[in-house]
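Chains as they are written, first to last, in my numbering: chain A, 5 to 118; chain B, 978 to 1089.
First comes the structure, then the notes that go with it.
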Amino acid sequence: EAGVAQSPRYKIIEKRQSVAFWCNPISGHATLYWYQQILGQGPKLLIQFQNNGVVDDSQLPKDRFSAERLKGVDSTLKIQPAKLEDSAVYLCASSLTVNTGELFFGEGSRLTVL
Amino acid sequence: QQQVKQSPQSLIVQKGGISIINCAYENTAFDYFPWYQQFPGKGPALLIAIRPDVSEKKEGRFTISFNKSAKQFSLHIMDSQPGDSATYFCAARNNAGNMLTFGGGTRLMVKP
């Protein structure tokens, strides 16, 4: 079974530039999550989708971050404009349903903002 | 209220020893407590999980102890091996919508 796919794995940008990350969840998984993991910290939830609807985006900095999940499958997370403090690993995860305990994580996209 | 506090931040154990990582929470709405293991350059992977209606769960060398009244839970790794060297995260799920809140992580090093 293929895991959660993310790209790009690494991205370096200047502050105020924009960046987009892509995620393809495990086939059949209805729930998709984007987490931000700053070096040395635990992952922090940014947004949670159930199919193509948003379940929780209370911690998403909406002035600069946006995310969408078209057709309830792939998802894109965008940052525009990026700030230095956005340097982190962006983890995508999926689960079978919203009440399933286990989340399956991708390997993450490491963003460095200079 | 959504915080999960994890300790220690780092831990060094000799091969064959017992590794113990502790977590505490405040929110009584949490209903599911997983532990995730993360190797460098990889995403976290579920290791073991417990629900608040049991006090202990064991899977192989890994055991979760849960104290509902104290709002604390811990991970014990028996007979620790160098391959267990990784970062461990406790987490707690809010029963309202499957939002998983992670602790700050513990970097475990098992010396051969």
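Ideal placement from N, C-alpha and C gives every residue a C-beta, glycine not left out.
Keep in mind it's a predicted model, so treat the numbers as computed, not measured.
According to the Cβ coordinates, are residue 117 of chain A and residue 51 of chain A closer than 8 Å? By 1-based counting over the first sequence, the position of residue 117 of chain A is 113. By 1-based counting over the first sequence, the position of residue 51 of chain A is 47. At least 8 Å separates the beta-carbon of residue 117 of chain A from that of residue 51 of chain A.
Anyone know if the C-beta pair for residue 71 of chain A and residue 26 of chain A falls short of 8 Å? Start at 1 with the first residue of the first sequence, and residue 71 of chain A comes out as number 67. Start at 1 with the first residue of the first sequence, and residue 26 of chain A comes out as number 22. No. Outside cutoff.
As assigned by DSSP and simplified to three states, the class of residue 76 of chain A: Along the first sequence, read from residue 1 onward, the residue named residue 76 of chain A stands at position 72. Residue 76 of chain A falls in the helix class under three-state DSSP.
Where do the N-terminal and C-terminal ends of the beta strand (DSSP E) with residue 1021 of chain B fall, by residue? Here the question's residue 1021 of chain B lines up with position 44 in the second sequence. Taken as a continuous stretch (DSSP letters only), residue 1021 of chain B belongs to no beta strand (DSSP E), as it is neither H nor E.
Of the residues B:1068, B:1066, B:1057, the one placed nearest residue 1089 of chain B, counting alpha carbons only: As a working mapping, residue 1089 of chain B is identified with position 112 in the second sequence. A check of alpha carbon separations from residue 1089 of chain B across B:1068, B:1066, B:1057 identifies B:1057 as the nearest.
Can you check whether the C-beta of residue 72 of chain A is within less than 8 Å of a C-beta belonging to chain B? In the first sequence, counting from the first residue as 1, residue 72 of chain A sits at position 68. No, no contact with chain B.
Inter-residue spacing [alpha-carbon to alpha-carbon] between residue 64 of chain A and residue 1036 of chain B: Walking along the first sequence from the start, residue 64 of chain A turns up at place 60. Walking along the second sequence from the start, residue 1036 of chain B turns up at place 59. Each residue's Cα considered, the two are about 36 Å apart.
Expressed to the nearest angstrom, what Euclidean distance is found between the alpha-carbon atoms of residue 28 of chain A and residue 49 of chain A? The sequence position of residue 28 of chain A within the first sequence is 24, counting from 1. The sequence position of residue 49 of chain A within the first sequence is 45, counting from 1. Cα to Cα, the separation comes out at about 17 Å.
Pairing CB atoms from the segment 1058 to 1074 of chain B with CB atoms from the segment 998 to 1011 of chain B, are three or more of them under 8 Å? yes
Residues within the segment 89 to 113 of chain A neighbouring chain B, beta-carbon criterion of under 9 Å: 93, 95, 96, 97, 99, 101, 102, 103, 104, 105, 106, 107, 108, 109, 110, 111, 112
Span separating the alpha-carbon of residue 76 of chain A from that of residue 109 of chain A: Mapped onto the first sequence, residue 76 of chain A falls at position 72. Mapped onto the first sequence, residue 109 of chain A falls at position 105. Going by the C-alpha atoms only, they are around 17 Å apart.
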